[in-house]
Every structure is written in C-alpha cells, then in structure tokens.
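Residues in the sequence shown are numbered consecutively from 89, following this note's numbering. Glycine included, every Cβ here is placed at the ideal spot set by N, Cα and C. Okay, structure first, notes after.
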Amino acid sequence: MPLLREAIRNILMICSRRPAQMIFDKINPSILATSRGNVLFAEGKTEQAITEFRKAIELNPRLALPRNNLGLILGEQGRTKEAIAEFRDATMLDPGYAPAYENLGLALSGLGETDAAIAAYRKAIERDPDLASAHTNLGIVLRDQGKINDALVEFKKAIDLDPLYAGAHRNLSIALKLQGNNVAADAEEKKALALERNP
89 MPLLREAIRN ILMICSRRPA QMIFDKINPS ILATSRGNVL FAEGKTEQAI
139 TEFRKAIELN PRLALPRNNL GLILGEQGRT KEAIAEFRDA TMLDPGYAPA
189 YENLGLALSG LGETDAAIAA YRKAIERDPD LASAHTNLGI VLRDQGKIND
239 ALVEFKKAID LDPLYAGAHR NLSIALKLQG NNVAADAEEK KALALERNP
C-alpha cells in the first residue's frame with residue numbers, strides 16, 4: 089500500500105508541473121482525464137474527480153471507464169438513479185466490461201430492483217466468470233429472495249475463485265445459518281474474521 093500511495097503522489101506531482109505537460113500532450117486526453125479522475129477519487133477528492141470524469145466523457149463519449157467511475161462516485165453520494173444511468177451507458181458502450189454490469193447490479197439492488205440486479209450480475213459473470221465479487225453479490229440477492237441453495241452455489245464459487253475473500257466467507261456463513269447448518273456457518277464466520285484481521 090505505501091508503494092501505491094507513493095506512485096499516486098508521483099503521478100499527481102507530474103500532472104501538476106507545467107513542463108511535464110509536454111509528456112502528457114502525447115497521451116490521449118480522455119484517458120489522461122480518466123486517470124486524473126481515478127487518482128482524485130482515490131484521494132477522496134470526489135468533486136474534482138467528477139469534473140475529470142465528465143471531461144473525459146466530453147473528450148471521448150465512447151469510453152466506458154469514465155462513465156463507470158463517475159457512476160461509482162454518484163452512487164456513493166446517494167445519487168443512485170444518476171449512477172444507474174452512467175453504468176447503463178458504460179455497458180452499452182462496452183458490452184464486455186463486466187465491472188459496469190456488477191456496479192449496475194449493486195445500484196439496482198440498492199433500489200430494491202432485485203430481478204434487474206440479478207440480470208446485471210449474471211451479465212457480469214457471463215463476461216468475466218472469474219469475478220468473485222459478482223458471484224458474491226449475486227448470492228446476496230438470491231439469499232435475500234430465499235433461494236438459499238442458489239446463493240450457496242454463488243458464495244462457494246466466489247471462494248473457489250478467491251479463497252481470501254472475507255465477504256464471500258461471511259455471506260456463505262449467513263446462508264448456511266439460514267439452512268440450519270450452524271457448525272459450517274460458524275467455521276465460515278471464523279474464516280471471515282481471520283481474513284479481516286490479516287488481509
């Protein structure tokens with residue numbers, strides 16, 4: 089993590105220097121604006137990040153990534169319907185971009201649109217079967233619908249893909265408890281706690 093923070097600081101320092109602008113003039117301006125937005129978002133400077141993502145979209149309306157990332161910020165700000173619009177635009181621009189479908193599923197789920205959320209998660213998984221978080225999020229919605237066996241399949245798949253994913257273990261634990269399998273549920277909860285203590 090310290091190396092990542094140092095790299096981000098270096099990028100920001102380079103971006104803020106006037107002479108360095110010549111280096112960045114050769115880089116696609118929309119990609120550069122997206123990168124600046126990502127750095128600002130990571131630093132918690134959300135309004136500045138929004139400005140950069142909007143600039144990237146204006147420079148190249150065909151890019152999915154800045155729309156997806158703008159959607160993430162809008163979602164964090166409670167502007168869920170705007171976030172959904174950005175995620176939908178991202179999926180239309182790049183139908184193979186699995187994270188946009190997963191983020192769409194999260195936003196739809198937050199509004200209680202579970203069937204649409206399930207469809208979005210399934211599309212994310214179709215595009216990237218190894219996306220453990222999409223399996224977990226699909227499992228959560230299925231579990232909440234009372235489809236425990238289907239949810240268990242998704243949580244176990246997520247753990248197969250990423251055995252260190254604490255959230256998958258925790259959600260598997262909850263589903264197992266709902267099935268009455270307390271011994272296995274407790275074992276999964278212990279795994280989740282251990283992973284959270286030692287990430």
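### Task
Take the Cβ of I268 as the centre, count every other Cβ of all protein chains shown within 10 Å, and call the residue buried at 16 or more, exposed below.
First, the amino acid is wrong: residue 268 is Gly here, not Ile. So G268 counts as exposed.
#### Entry: Alpha-carbon spacing of A178 relative to N148, whole angstroms
Distance between the alpha carbons of A178 and N148 is about 12 Å.
### Query
Between A290 and the rest of its own chain, which residues show a CB-CB distance below 6 Å, the 5 nearest in sequence each way excluded?
No answer is possible for residue 290: it lies beyond the span of the chain, which begins at 89 and ends at 287.
### Task
Give the straight-line distance between the Cα atoms of L194 and N116, rounded to the nearest whole angstrom.
Cα to Cα, L194 sits roughly 31 Å from N116.
### Query
Do the CB positions of D216 and L249 come within less than 8 Å of each other?
Taking 8 Å as the Cβ cut-off, D216 and L249 do not qualify as a contacting pair.
### Task
Check each candidate in I161, N259, E190 and name the one with the smallest Cα separation from T139.
Among I161, N259, E190, the Cα nearest to that of T139 is on I161.
### Message
Only counting the same chain, and skipping five residues up and downstream in sequence, which positions put a Cβ closer than 6 Å to that of A254?
### Response
Here the set comprises A280, L283, E284.
### Task
Indicate whether E242 and L252 have their beta-carbon atoms separated by less than 8 Å.
With respect to L252, E242 sits apart: the two C-beta atoms are not nearer than 8 Å.
### Residue range of the unbroken alpha helix (DSSP H) whose run includes Q136
134 to 147 is the extent of the alpha helix (DSSP H) around Q136.
### Message
Please state whether the Cβ-Cβ distance between K211 and Y189 is less than 8 Å.
### Response
In contact: K211 and Y189 (Cβ atoms closer than 8 Å).
### Task
Starting from the Cα of K245, find the closest Cα among G125, N259, D274, A207 and give me that residue.
Closest option to K245, judged by alpha-carbon separation, among G125, N259, D274, A207: N259.
#### Entry: P203 versus G184, N225, A186, residue with shortest Cα-Cα distance
Strictly speaking, residue 203 in this sequence is Asp, with Pro absent from that position. The option with the nearest alpha carbon to D203 is N225.
### Task
With distances taken Cα to Cα, identify the nearest neighbour of K133 among L151, A152, Q165, N156.
Cα-wise, what sits closest to K133 is Q165.
### Limits of the unbroken alpha helix (DSSP H) element including D203
Run containing D203: 202 to 215, per the alpha helix (DSSP H) assignment.
### Message
If contacts are defined as beta-carbon pairs under 8 Å, then R236 and H223 qualify, I think. What distance do you get, rounded to the angstrom?
### Response
Reading the sequence as shown, one finds Ile at residue 236 and not Arg. 15 Å between Cβ atoms; not a contact.
### Message
What does the Cβ neighbour count give for E276, buried or exposed, with the cut at 16 atoms within 10 Å?
### Response
It is buried - the Cβ of E276 has at least 16 other Cβ atoms within 10 Å.
#### Entry: Under 8 Å between C-beta atoms of L192 and I206
No, the Cβ-Cβ distance between L192 and I206 is not below 8 Å.
### Message
Using the three-state DSSP reduction, which class does E242 fall into: helix, strand or coil?
### Response
DSSP places E242 in helix when its eight states are reduced to three.
### Task
Let me know the secondary structure DSSP gives Y189 once reduced to three states.
Three-state result, Y189: helix.
### Task
Can you tell me the Cβ-Cβ gap for N157 and G125, rounded? I've got them flagged as a contact below 8 Å.
Correct: roughly 6 Å between the Cβ atoms.
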